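Peer 1: Right, I'll just put the structure down here and ask away after.
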């Protein structure tokens, strides 16, 4: 994040307005990366399922209710996404051993292989993009992004719902 003092300031006079503009652009590029990564996992995988797959990759197996909370979507939406991921052979449902009424969602071996390959490729891509960055700048950015995530972790009310 070391900056070139001769470069134009991307923030401008309004730091919060600059932050909003940068985040909007970053999210737009992130959606493109999400579509590409979903395709790499399986050409038939809807990109909207990628966040669900990413959460499962970190936890491997989760109760459906925890997965709904983790991705921050309606239960019916998550159920449809899980149905799609199960049909593709990337995950499976099974009874929760702690609660007979609940279901667990687990990546299959095939799902784990595909997700691991895509995540390894994504990490390599980030390493290449940030190869010229100072490692401390990367750590600082990571800490700041975590802090921003914590500051914005409150539930957002969708005016359309």
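Numbering (this note's numbering), first residue to last: 1347 to 1507. We put the CB at the ideal spot given by N, CA and C, even for glycine. Owing to the predicted nature of the structure, the values given are computational and were not obtained by experimental measurement.
#1: For residue 1420, which three-state DSSP category applies?
#2: Tell me the DSSP bridge mates of residue 1452?
#3: What span of residues does the alpha helix (DSSP H) with residue 1361 cover, start to end?
#4: Could you tell me the distance, in whole angstroms, from the CA atom of residue 1431 to the CA atom of residue 1358?
#5: So residue 1461 and residue 1387 are supposed to be a Cβ contact under 8 Å. How far apart are they, rounded?
#6: Classify residue 1497 as buried or exposed, calling it buried when 16 or more other Cβ atoms lie within 10 Å of its own Cβ.
#7: Report all residues from its chain with a CB closer than 7 Å to the CB of residue 1397; omit the five preceding and five following residues, and keep chain order.
#8: Pull up the DSSP beta-bridge partners for residue 1445, would you.
#9: Please name the residue, chosen from 1476, 1453, 1410, that lies closest to residue 1404 on a Cα-to-Cα basis.
#10: Could you give the DSSP three-state label for residue 1352: helix, strand or coil?
#11: Are there 16 or more other CB atoms within 10 angstroms of the CB of residue 1378, so buried, or fewer, so exposed?
#12: Are three or more beta carbon pairs between the segment 1438-1450 and the segment 1405-1415 nearer than 8 Å?
#13: Helix, strand or coil for residue 1358, going by three-state DSSP, please let me know.
#14: Report the residue from 1445, 1392, 1463, 1442 whose alpha carbon sits nearest the alpha carbon of residue 1429.
Peer 2: Considering the structure as presented:
#1: coil
#2: 1407, 1438
#3: 1361-1387
#4: 43 Å
#5: 6 Å
#6: exposed
#7: 1417
#8: 1442
#9: 1453
#10: Because the pLDDT at residue 1352 is just 44, under 50, the model does not fix this residue reliably, and the value given afterwards should be weighed accordingly. Coil, per DSSP.
#11: exposed
#12: yes
#13: coil
#14: 1392
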